[in-house]
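Protein chains in written order, with the numbering used here: chain A, 874 to 1246; chain B, 55 to 376; chain C, 323 to 608.
Quick reminder that beta carbons are idealized off the backbone N, C-alpha and C, glycines included.
Fair warning: this is a prediction, and the values are worked out from it, not measured in the lab.
These notes are about the structure you will find just below.
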Amino acid sequence: MTQPKLELVALRKEYDGGDVVAVDGIDLTVERGETVALLGPSGCGKSTTLNMIVGLEEPTAGDIHIDGRSVIGLAPGKRNIGLVFQDYAVFTHMTVAKNLSFGLEIGGLPRSEITRRVGEAAELLGLSSLLKEKAAYLGGSQLQRVAIGRTLVTQPAILLLDEPLSNLEAEARQAMRRELRRLQGKIGLTIIYVTHDQTEALSLADRIAVMSAGKIRQYDRTSTVYGDPAHVFVAGFIGSPSMNLVRGEIRRDGPAISFISDQLQVPLPSRFAGVAPGHGEPVIFGIRPENIMITRPGHPGVTGIVSSVEPRGPEAIVTVRSGNKSLDVVVPAADRPARGDEVVLRIPADHIVLFSGETDRNLSLSPILGAAA
Amino acid sequence: MTAHSDIAPSDVSLPAAPSKDAVKKRGTRRKALGRTLLLPGQLISLFVLVVPLLVAFYMSFTDWSPTRGALSSAQFIGLFNYEELLVYDTRFVEAVLRTLVFGVVCLSLEFLIGLGLAVLFLRRFRGKALLFSMLLTPMMVLPVVVGYTFWMLFQSNGPINQLIELTLGAGAAPDWFKSAISAQITVVVTEVWHWTPLFFLILLSGLNAVPENPVRAAVILGANPRQVFWRVVLPMLLPVIVIAFVIRAMEIIKLFDEVFMLTRGGPGSSTETISLYIYKLAFNDFQLAYGAAAAFLVLIGTLGLVHLLLTPVRNQLLEARG
Amino acid sequence: MSDRPLTMPLALVLALAVIVTLFPVFWIVMTAIKPPTDWNAVPAIWVPGEPTLVNFRTLFDPEALGVYGVGGVSEAATQAVFGSLLASIVATALSVGIGLAAAIAISRYSGGGRATPLVILSGRMFPPAAIAVPFVIIFSTIGLIDTYFGLIAIYIAVTLPFSTWMLKSFVDEVPKEVEEAAMIDGMTRVKAHLTVTIPLIKGGLFATTLFIFILNWSEFLFALVLSYTTIETIPVRLAKYVTATAGTLYGVQAALAVLAMIPLVIAGFLIQNHLARGMTFGAVKR
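Listed below in structure tokens is the structure:
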């Protein structure tokens, strides 16, 4: 078993003498050659985490291991880490070649070695024809290539990219996404993306760590994070439109179990009998909009009125009001009902997710109940 | 683009869209307003700057002097004044060279001290705002007062000499205004005291505007603080440095007030600047035509110098102004 | 690289810089409040034991020094103070007004052209001593020499590039959309500028006014060559005092210098944050 490339252990960062906790004790392991996304809204602590890994900020508590060695107290330049900034932070007063060779010249490498590595990086990133160009005259995706190349030549153990696609036009974004995938496959780098954009995270990463309020809410394979969100926050944050989340309580009637919130009542499958709390206890009911089906009145299910229809290319997002609760449903554009129609929603039992009303955690994944079973 | 011109002229079929004529008319009215607003400034510049300059330009080719009657009766002598200045008037050539030397020495010192202070101000310490204001004080003193103050300070029994004698013993202090070199030193000290704050101010503004991320990128790539400063911060500061130099160069070429109060150009003509020489020519000796020719030579020289100084950043400056 | 603390040696360097910066100001203020016996004392008297305002009184009453048995100045500085105030205030108001119109024209109606900044810079390069030559000739021909009208006209012309360019940089910061919104509401362009643009650059207008005032108040050469008997400004009077007595009336001269300094130091500190912009024609914003 090889050592993990990067390990964060109970990492914590406080500001203003503990008044503000930006990062609240996170653990994270990134394996060699893995691509991980640190995903969360702005202010969730991901940038602070990034700064601590790179060494621009010192943690209040906890440890950071790179290649099994603690790097706490080590200068940023000595951690063998590369960072590509959101705004690229290319040295605009230098040529592309000078940008690429910057780290190597600082490191005092022999001239011939510098030339060789710069040439290689330029080749890899398609910058060969731009080497003599002043960086100030480059466009967005070219700047990004320079920024990536500038750190690649120093052969970092880990490459971190801060919001790598957010400053690019839609088209360049597609191309860069493919490019990053290709690069990763070619040189087997360990890459960490820091992003607030779930599409970016889902398309680039093997594993995603979803952060909110300074904590990692879930760290898992991309498909798992999407299908089995461990936390209400993850469920609400990932997917577009996001998962329907309704606060309500459990009703138990003999062996039958159901979810109730005002007029909304949904029978729950028996797999929840063991994990759900007792009668009258609060839970949060979750169902993805694309998993709900719309049928005509008369069928069994949740009855409601269509309150809005938002076409989105081949699909449409239909919002259905039932009592004082609203549920979003994704339907093929051709099958969309009209505003004001009365419809019945069929909620497939397989796709229902329940979260604890107290801890916000996914009840089916709850480690404590899992251990008891 | 304004709201009006944003209305596409091709939409003429729409009833709400203005006709092409209406759009054009509004455009003309816009331009007329622009011209009207610009007019007072242009007029005053024309009458108070351009006309006198043209008169002076004509005059520089004549032998006119107020003692000889009207300008119209002056004799046209072609390039005689210019030839005289450049070929025979060693006092003029010396004044030019002297002004340039003052410029190079003063600006170098002002830049180095100003940059040093600005870099100090990137550090964290208490009372920064107060010290910042204090260091700017000299800029806010009138040049004449600065000249007078240093004249007082440099008196043979003035406070500077008393401090020198206190530390180096009696007899160590020079009589500043009696020898050429020491008088020149007083001019440099006065100028540097007066205008280092401007370099400090401009460079500190520039340093604070240097984007943070390239600096961090350099740090992550392993650069130490010294390398970060020389290889990243300073090059990014270059346009601001050039601006500071150009502005100060333009001012020091005109150096007059301080020297007038301090030495009147003496002893002899050892601290005489171009402005002081032209002033003496025109207003002490009444050689107005000759003085005008000297003035134009200076203008041409200054234009060339500023052009040279601006070359590295001209495009950046024009782009920045949009 | 920022945010490192100041080390002891660096703190000493900074302290030295502050002392060197403030000493000349300290000396002239102290001299202004010294009685005649202390003016030129050896060893130097750094802080007068008996501070007095007699030097300031002498500026307005030439005989006030008599109590110390010292001959006074030949002429009071009253007229110079009046002249400085008149010329600076009027010229500043007009320069800022004309400059504001021009600034709006350049910023909003692309008056001038791409090269205008360079043209204006060139205008600033001409040494005043050189411009003064034709001024004196033309002004004496048309009877404007030794008049405040003439002096003020020159002050406006000389400070106009500064006021225009400084104000333009402020107008540029006002989004055009704000004016356009007002115009869509039926306002004329002129009215939109008066009620929208100008109130939005109030701070900038204030800073520019003080900056132009500083330039006018400090001006020396033009006042020197254009004044004979009718007009006078403080810098000219200071030079005359020094010439008249070979500079020996230290206290009185210092008092006038301090009087000249006070409004500038106040104005300077009020616009401290805009000084860089003013000095660099708006090229450096803060």
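Work out the CA separation of residue j and residue i for me, nearest whole Å.
i        : j        : result
A948(A)  : I926(A)  : 11 Å
V512(C)  : F253(B)  : 39 Å
I256(B)  : S540(C)  : 21 Å
Y331(B)  : L342(B)  : 12 Å
H966(A)  : L275(B)  : 17 Å
I584(C)  : M290(B)  : 38 Å
K562(C)  : L546(C)  : 10 Å
R430(C)  : K498(C)  : 8 Å
L1238(A) : E1044(A) : 39 Å
R1194(A) : G1177(A) : 5 Å
E326(B)  : R318(B)  : 7 Å
L154(B)  : T530(C)  : 31 Å
Can you tell me which of the three DSSP states residue i falls into?
i        : result
P327(C)  : strand
Y112(B)  : helix
P983(A)  : coil
Q1017(A) : helix
V882(A)  : strand
M1166(A) : strand
E1215(A) : strand
P1205(A) : strand
I1133(A) : strand
L482(C)  : helix
S549(C)  : coil
Q1138(A) : strand
I1065(A) : strand
D1079(A) : coil
Could you work out which residue in the options is closest to residue i when comparing CA atoms only?
i        : options                               : result
N972(A)  : L330(B), A272(B), L362(B), A347(B)    : A272(B)
V944(A)  : E1042(A), E1006(A), G981(A), L879(A)  : L879(A)
I235(B)  : L184(B), I307(B), V269(B), S323(B)    : S323(B)
N899(A)  : L1141(A), Y1092(A), I1165(A)          : It is Ile, not Asn, that sits at residue 899(A) in the sequence shown. Closest option to I899(A), Cα to Cα, is Y1092(A).
R1050(A) : E1073(A), G1112(A), E1006(A)          : E1073(A)
R1212(A) : V1179(A), P1187(A), V1203(A)          : V1179(A)
N1117(A) : L1200(A), D1233(A), P1187(A), E904(A) : L1200(A)
Please decide whether residue i counts as near chain C, where near means a Cβ-Cβ distance under 7 Å.
i       : result
V109(B) : yes
L139(B) : no
Y344(B) : no
F156(B) : no
Can you confirm whether residue i, when its beta carbon is compared against all beta carbons of chain B, has any partner nearer than 7 Å?
i        : result
I420(C)  : yes
G526(C)  : no
R559(C)  : no
I1225(A) : no
I426(C)  : yes
Should residue i be flagged as near chain A, meaning a C-beta pair shorter than 7 Å?
i       : result
T365(B) : no
A271(B) : yes
A277(B) : yes
P268(B) : yes
Can residue i be considered in contact with the ligand MN, in the sense that its beta carbon sits closer than 6 Å to one or more heavy atoms?
i       : result
A995(A) : As for the ligand MN, it is missing from this structure, which has no ligand bound.
How would you list, in chain order, the residues of chain B whose beta-carbon sits under 9 Å from the beta-carbon of residue i?
i        : result
F378(C)  : Ordered by position in chain B, no residue passes the 9 Å Cβ test against F378(C), which lies about 15 Å from the chain.
P1114(A) : None at all; the shortest Cβ gap to chain B is about 34 Å.
I954(A)  : I274
F1228(A) : Within 9 Å Cβ-Cβ: nothing; F1228(A) doesn't reach chain B, min ~39 Å.
Give me the chain B residues within the contact set of residue i, using Cβ-Cβ distance strictly less than 7 Å, ordered along the chain.
i       : result
V927(A) : I274
S540(C) : L196, P197
Check the Cβ of residue i against every Cβ in chain B and list those closer than 8 Å, keeping chain order.
i        : result
G1013(A) : By Cβ distance, chain B contributes nothing, its closest Cβ being about 15 Å from G1013(A), past 8 Å.
L586(C)  : M194, V195, L196
T921(A)  : Correct list: empty, because the minimum Cβ distance to chain B is about 14 Å.
V564(C)  : Y202, W205, M315
Output, in chain order, the set of chain C residues within a Cβ distance shorter than 8 Å of residue i.
i       : result
I256(B) : A598, M601, T602, V606
A226(B) : Under the 8 Å cutoff, chain C gives no residues; its nearest Cβ is about 15 Å from A226(B).
Can you pull the chain A neighbours of residue i, defined as C-beta to C-beta under 7 Å?
i       : result
V286(B) : F964
In chain C, what lies closer than 7 Å to residue i by C-beta?
i       : result
Y230(B) : Residue identity check: residue 230(B) is Trp in the sequence provided, not Tyr. Result: empty, since nearest Cβ-Cβ is about 14 Å, beyond 7 Å.
Closer than 9 Å by beta-carbon distance: list the chain A residues that pair up with residue i, in chain order.
i       : result
N262(B) : In chain order: nothing, as chain A lies at least about 17 Å away.
M206(B) : Correct list: empty, because the minimum Cβ distance to chain A is about 46 Å.
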